[in-house]
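Numbering (our numbering), first residue to last: 770 to 887.
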């Protein structure tokens, strides 16, 4: 592992009170990393916007157009898995009824880490 990468990973994990392994599990998906970076810049956002951002980032990287099916799959994963896990780690508040993320507090160290790995 590159020293800078390892240092950023450890700093981010420490800031969240996680082990490096827990941090890697939390951020294992590219969609999660894209969502975390977006929430750093926009701490209040709808579920639909997050799904659009995540799907568009992946499609753009692969040089193709995102499909409605991908959007729906990512939106469901965000709703049932990603956002609740990020909320469990104290990074945001997810209003499931309003389908809105509020009060996202992404530490700068985590943002820096995901920007270098996304």
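Quick reminder that beta carbons are idealized off the backbone N, C-alpha and C, glycines included.
Predicted, not measured: the structure shown is a model, and the values here were computed from it.
Nearest-angstrom Cα separation, counted from residue 821 out to residue 832 | For this step, residue 832 is matched to residue 63 along the chain shown. For this step, residue 821 is matched to residue 52 along the chain shown. Roughly 16 angstroms between the two C-alpha positions.
Considering only C-alpha positions, which residue in the set 807, 824 and 834 is nearest to residue 872?
-> Numbered from its first residue, the chain shown carries residue 872 at position 103. Taking only the C-alpha atoms, the option nearest residue 872 is 807.
Determine the DSSP secondary structure at residue 837, reduced to helix, strand or coil.
-> As a position in the chain shown, residue 837 is number 68, starting the count at 1. Three-state DSSP puts residue 837 in a helix.
Element boundaries [alpha helix (DSSP H), containing residue 857] = Numbered from its first residue, the chain shown carries residue 857 at position 88. For residue 857, the enclosing alpha helix (DSSP H) starts and ends at 852–857.
Residue 783: first and last residue of the uninterrupted alpha helix (DSSP H) it sits in | The sequence position of residue 783 within the chain shown is 14, counting from 1. Boundaries of the alpha helix (DSSP H) harbouring residue 783: 772–785, taken from the DSSP string.
Mapping DSSP to helix, strand and coil, what is residue 871?
-> The count along the chain shown starts at 1 and reaches residue 871 at position 102. Note: residue 871 maps to strand in three-state DSSP.
Would residue 863 pass as a contact of residue 856 if the rule is Cβ separation under 7 angstroms?
-> The sequence position of residue 863 within the chain shown is 94, counting from 1. The sequence position of residue 856 within the chain shown is 87, counting from 1. Yes, Cβ-Cβ distance for residue 863 and residue 856 is below 7 angstroms.
Looking only at its own chain, which residues have a Cβ that is under 7 angstroms from the Cβ of residue 839, when we skip the five neighbours before and after it?
-> By one-based count along the chain shown, residue 839 stands at place 70. Excluding sequence neighbours, residue 839 sits near 824.
From residue 836 to residue 877, what distance separates their C-alpha atoms?
-> Your numbering for residue 836 matches position 67 in the chain shown. Your numbering for residue 877 matches position 108 in the chain shown. Their backbone Cα atoms lie some 32 angstroms apart in a straight line.
Could you give the C-beta distance for residue 799 and residue 827, rounded to a whole number, given that I count them as a contact under 8 angstroms?
-> Counted from its first residue, the chain shown places residue 799 at position 30. Counted from its first residue, the chain shown places residue 827 at position 58. Rounded to whole angstroms, the Cβ separation of residue 799 and residue 827 is 6 angstroms, and the two are in contact under 8 angstroms.
Run of the beta strand (DSSP E) containing residue 862, from where it starts to where it stops = Taking the first residue of the chain shown as 1, we reach residue 862 at position 93. First-last of the beta strand (DSSP E) with residue 862: 862–864.
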